[in-house]
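Encoded as structure tokens, the structure appears first; notes follow it.
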Amino acid sequence: MLAHEIREILVAFLFELKSIDGAYEQLAMKSDRFWAVLTLPLKIAPLFQGVSSLAICGHEEAAREAMKLVNLYAGKYTASQLSSPSLCATTLQRRS
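Per the working numbering: the sequence shown = residues 231 to 326.
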């Protein structure tokens with residue numbers, strides 16, 4: 231599956247979930263980490279593109295170091311409580 235197909239599926243899933251009466255609000259309010267993990271691919275896609283560019287250009291060591299940073303960011307992003315209902319709504323609104 232290509233990255234853009236995965237992104238389209240994830241965005242469609244988020245919008246479908248949002249359309250279910252009350253489900254979006256309950257998940258957004260009850261499980262900040264769930265939303266952080268679910269929306270993570272949307273947040274780190276540009277970072278993966280940069281790492282991919284480094285690897286394609288033959289900069290393997292730089293690509294490995296960049297992947298470590300992406301991994302660190304992903305871990306901190308999903309572990310934090312930054313994902314509040316307003317942040318989830320903002321993420322979904324930007325995709326519409």
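For each residue, glycine too, the CB sits at the ideal point set by N, CA and C.
Buried or exposed (CB count within 10 angstroms, at least 16 for buried), residue i
| i | result |
| --- | --- |
| alanine 253 | exposed |
| alanine 275 | exposed |
Three-way DSSP call (helix, strand, coil) for residue i in this model
| i | result |
| --- | --- |
| serine 310 | coil |
| isoleucine 236 | helix |
| isoleucine 250 | coil |
| glycine 305 | helix |
| glycine 280 | helix |
| tryptophan 265 | helix |
Residue i to residue j span [Cα, whole Å]
| i | j | result |
| --- | --- | --- |
| phenylalanine 264 | serine 310 | 11 Å |
| alanine 257 | valine 267 | Inspection of the sequence shows that residue 257 is occupied by leucine rather than by alanine. Each residue's Cα considered, the two are about 12 Å apart. |
| proline 271 | serine 283 | 18 Å |
| glutamate 246 | valine 281 | 31 Å |
| lysine 306 | aspartate 251 | 31 Å |
Legend entry - the segment 238–258 contacting the segment 274–288, beta-carbon criterion three pairs below 8 Å: no
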